[in-house]
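Visitor: I'd like to ask some things about the structure below.
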Amino acid sequence: MKQNKIKKMLKLLFILASVFSLTFVPWTLVKAWGKPLPDTIQEQLIEALDYDFEGMIVYVDQKNQEPKYYAAGWHNKESKISAKPNALFKIASISKLYDALAVTKLVSAGRLSLDKTVADYLPELTGKIENADKITLRLMIQHRSGIPNFTDAPKFWEAPTESFEESLALIKGKSANFEPGKDYEYCNTNYLLINKIMDNELGYANFKFIQKEILNRLQLKNTFSAVSKVNIDNVMSGYHIGYEHDLKTNDYGMHATAEDVGIFLRALNNGSLFDKGEQEIYSSIYQYEHSGWVPGYQSFAKYYKDIDAVIITFYNTTDPKLYNWNLSEIINKRIYKIIKKQKNEG
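Take the sequence shown: its position 194, counting from 1, is numbered 193 in numbering that gives the first Met the number 0, and each next residue is one higher.
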């Protein structure tokens, strides 16, 4: 009898916890998740526009099929220009895949060492970054350094820094978040330092190395280092809910088309970008997919092994509470399900 009472009490607590949690889940997410799956990707894109996205781009590269391109919404809503599948987009942290591969190639060539430290490569930062003598290049690539994240500085995105020195100043002298190698925390400062280390070793901006060793090998002509390198009319406009201005002129780093990102991701996953010994190095330090976020732009680059498909999704709308990020992830899964269903039926 006592056990039955305990079971009933636990069941009641579970129900109450579930009801409590649902009151704090935006119903838009529940609605997006629970809607019947459309028959086509294009229908899914159009449906996504009901969730405050101004525009979307999707690129799908499935084995033994021609790549497919999709777009919906606005390329620029002020000028009433419809979304373009070949538009340039701010790919944000997807660029870390290119950085990690560039480091891999430099390590393989003996020009960098994964086991050398911040103090070895940037001795001027000793005493300014805690544990500089313990934080290796490997730990920075893997986000296990413990260095504070400069983009977490208060109101950072209202006035982003424009130089290495300005960015570093936001975390200089701050205590480490944890001992090197003892935890994981995604941190943009890691890649700020990695890019500086590559620049110093090469003697020039490392994007030129990325062009030579990665982009040119794949004949990618629509990947650029910065907004200053592109025709601004070709960049998809970006919108942040609560902010009235188009964000496409802001310089948040690399720009690329969905197709260029997709071709790169396919080559990264099938190993064709690696020279002898490089894939083993890369696999030991970083991942084979990525997402990115800057105000106005959300990007996702993922390879699905079970359907042998690369899916790139771009959303040109963000919001302060990241509801749109959660919506994006739901829509991404629905696009995957549509492709898988079509594959199984075909």
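For glycine and all other residues, C-beta sits at the position ideal for the given N, C-alpha and C.
For residue 88, which of 143, 258 and 304 has the nearest alpha-carbon?
Guide: Position 89 of the sequence shown, counting from 1, holds the residue named residue 88. Of the listed residues, the one whose Cα sits closest to residue 88 is 258.
Visitor: Helix, strand or coil, according to DSSP, for residue 55 in the structure here?
Guide: Taking the first residue of the sequence shown as 1, we reach residue 55 at position 56. Three-state result, residue 55: strand.
Visitor: Going by alpha carbons, who is nearest to residue 359 out of 167, 99 and 242?
Guide: Past the edges of the chain, shown from 0 to 345, lies residue 359, and the structure says nothing about it.
Visitor: With respect to the alpha helix (DSSP H) encompassing residue 343, which residues constitute its N-terminal and C-terminal limits?
Guide: In the sequence shown, residue 343 corresponds to position 344, counting from 1. Where residue 343 is concerned, the enclosing alpha helix (DSSP H) stretches over 322-344.
Visitor: Say whether the region 145-162 touches the region 95-115, bearing in mind that this needs 3 or more beta-carbon pairs closer than 8 Å, one atom from each stretch.
Guide: no
Visitor: Output the distance between the C-alpha atoms of residue 176 and residue 138, rounded to the nearest integer angstrom.
Guide: On the sequence shown, residue 176 is found 177 positions in, with the first residue counted as 1. On the sequence shown, residue 138 is found 139 positions in, with the first residue counted as 1. Their Cα atoms are separated by approximately 14 Å.
Visitor: Let me confirm a value: residue 190 is counted as buried when at least 16 other C-beta atoms fall within 10 Å, else exposed. Which label applies?
Guide: Here residue 190 refers to the residue found at position 191 when the sequence shown is read from its first residue. It is buried - the Cβ of residue 190 has at least 16 other Cβ atoms within 10 Å.
Visitor: Sort 241, 326, 41 and 232 by Cα distance to residue 25 and report the nearest one.
Guide: Within the sequence shown, the letter at position 26 stands for residue 25. In terms of CA proximity to residue 25, 326 leads the group 241, 326, 41 and 232.
Visitor: In whole angstroms, give me the CA-to-CA distance for residue 41 and residue 67.
Guide: Numbered from its first residue, the sequence shown carries residue 41 at position 42. Numbered from its first residue, the sequence shown carries residue 67 at position 68. Straight-line measurement puts the Cα of residue 67 at about 11 Å from the Cα of residue 41.
Visitor: Which word fits residue 179, buried or exposed, when buried means at least 16 other C-beta atoms lie within 10 angstroms of its C-beta?
Guide: Stepping through the sequence shown from its first residue, residue 179 is reached at position 180. By the 10 Å Cβ count, residue 179 comes out buried.
Visitor: Please look up how many angstroms separate the CB atoms of residue 334 and residue 312, rounded, as I've assumed it's under 8 Å.
Guide: What you label residue 334 is simply residue 335 of the sequence shown in a count that begins at 1. What you label residue 312 is simply residue 313 of the sequence shown in a count that begins at 1. Contact between residue 334 and residue 312 holds: their C-beta atoms lie close to 7 Å from each other, under 8 Å.
Visitor: Please report the residue range of the beta strand (DSSP E) in which residue 156 lies.
Guide: What you label residue 156 is simply residue 157 of the sequence shown in a count that begins at 1. If you look at residue 156, you'll find it isn't in any beta strand (DSSP E); DSSP assigns it neither H nor E.
Visitor: Mind the definition here: the region 221-239 touches the region 268-286 only if three or more C-beta pairs lie below 8 Å; say whether that holds.
Guide: The region 221-239 vs the region 268-286: no contact.
Visitor: Any contact of the region 198-213 with the region 49-56, i.e. 3+ C-beta pairs under 8 Å?
Guide: Taking 8 Å as the limit for Cβ pairs, the verdict is that the region 49-56 does not touch the region 198-213.
Visitor: Can you say whether residue 64 is buried or exposed, counting buried as having 16 or more other CB atoms within 10 angstroms of its CB?
Guide: Translated into the one-based positions of the sequence shown, residue 64 becomes position 65. Exposed: under 16 other Cβ atoms inside 10 Å.
Visitor: Within 8 Å, do at least three Cβ pairs link the region 53-61 to the region 296-312?
Guide: yes
Visitor: Name the one or two DSSP bridge partners that residue 292 has.
Guide: Your numbering for residue 292 matches position 293 in the sequence shown. Residue 292 is bridged to 297.
Visitor: Rounded to a whole number of angstroms, what is the C-alpha to C-alpha distance between residue 247 and residue 289?
Guide: Stepping through the sequence shown from its first residue, residue 247 is reached at position 248. Stepping through the sequence shown from its first residue, residue 289 is reached at position 290. One C-alpha to the other measures close to 21 Å.
Visitor: Near residue 11, what residues of its chain come up, given a Cβ to Cβ distance below 7 Å and the 5 sequence neighbours on each side ignored?
Guide: Taking the sequence shown and counting its residues from 1, the one referred to as residue 11 is at position 12. Because residue 11 sits at a pLDDT of 42, beneath the cut-off of 50, its placement in the model cannot be relied upon, and the point is left open.
Visitor: Assign residue 75 to one of three DSSP states: helix, strand, or coil.
Guide: Taking the sequence shown and counting its residues from 1, one reaches residue 75 at position 76. In the structure shown, residue 75 falls within a strand segment according to DSSP collapsed to helix, strand and coil.
Visitor: Can you tell me whether residue 173 is helix, strand or coil according to DSSP?
Guide: Walking along the sequence shown from the start, residue 173 turns up at place 174. Three-state result, residue 173: coil.
Visitor: Report the rounded CA-to-CA distance for residue 263 versus residue 322, giving the unit in angstroms.
Guide: Here residue 263 refers to the residue found at position 264 when the sequence shown is read from its first residue. Here residue 322 refers to the residue found at position 323 when the sequence shown is read from its first residue. So the alpha carbons of these two residues sit roughly 29 Å apart.
Visitor: Are residue 83 and residue 70 closer than 8 Å when you measure CB to CB?
Guide: Walking along the sequence shown from the start, residue 83 turns up at place 84. Walking along the sequence shown from the start, residue 70 turns up at place 71. Yes; because the gap between Cβ atoms is below 8 Å, this pair is in contact.
Visitor: Going by DSSP in three states, residue 49 sits in which element: helix, strand or coil?
Guide: Here residue 49 refers to the residue found at position 50 of the sequence shown. Looking at residue 49 - three-state DSSP - the assignment turns out to be helix.
Visitor: By a C-beta neighbour count over all protein chains shown, 10 Å radius and 16 as the cutoff for buried, is residue 93 buried or exposed?
Guide: Translated into the one-based positions of the sequence shown, residue 93 becomes position 94. By the 10 Å Cβ count, residue 93 comes out buried.
Visitor: Give every residue of the same chain whose Cβ lies closer than 7 Å to the Cβ of residue 98, excluding the five residues on either side of it in the sequence, and list them in chain order.
Guide: Taking the sequence shown and counting its residues from 1, the one referred to as residue 98 is at position 99. Taking residue 98 as the centre and dropping the five residues before and after it, the same chain places the C-beta of 190, 193 and 194 closer than 7 Å to its C-beta, in chain order.
Visitor: Can you tell me whether residue 23 is buried or exposed? The criterion is at least 16 other CB atoms within 10 Å of its CB, across all chains shown.
Guide: Here residue 23 refers to the residue found at position 24 of the sequence shown. Unreliable positioning characterises residue 23 in this predicted model, as indicated by a pLDDT of 45, which lies under 50. A coordinate reading is not provided.
Visitor: What does a CB cutoff of less than 8 Å around residue 329 pick up in its chain, not counting 5 residues either side in sequence?
Guide: Taking the first residue of the sequence shown as 1, we reach residue 329 at position 330. Excluding positions up to five away in sequence, the list reads 28, 31 and 32.
Visitor: Beta strand (DSSP E) containing residue 309: first to last residue?
Guide: Against the sequence shown, residue 309 aligns to sequence position 310. For residue 309, the uninterrupted beta strand (DSSP E) run begins and ends at 308-314, by DSSP.
Visitor: Leaving aside the five residues before and after residue 331 along the sequence, list all residues of the same chain whose C-beta is less than 8 Å from its C-beta, in chain order.
Guide: As a working mapping, residue 331 is identified with position 332 in the sequence shown. Closer than 8 Å at the Cβ level, and outside the excluded window around residue 331, lie 299, 301, 310 and 312.
Visitor: Kindly give me the distance between the Cβ atoms of residue 297 and residue 281, rounded to whole angstroms, as I take these residues to be in contact under 8 Å.
Guide: Working through the sequence shown from its first residue, we reach residue 297 at position 298. Working through the sequence shown from its first residue, we reach residue 281 at position 282. Contact doesn't hold; Cβ gap of about 25 Å is too wide.
Visitor: Taking Cβ to Cβ, would you say residue 224 is nearer than 8 Å to residue 206?
Guide: Numbered from its first residue, the sequence shown carries residue 224 at position 225. Numbered from its first residue, the sequence shown carries residue 206 at position 207. Yes, these two residues count as a Cβ contact at 8 Å.
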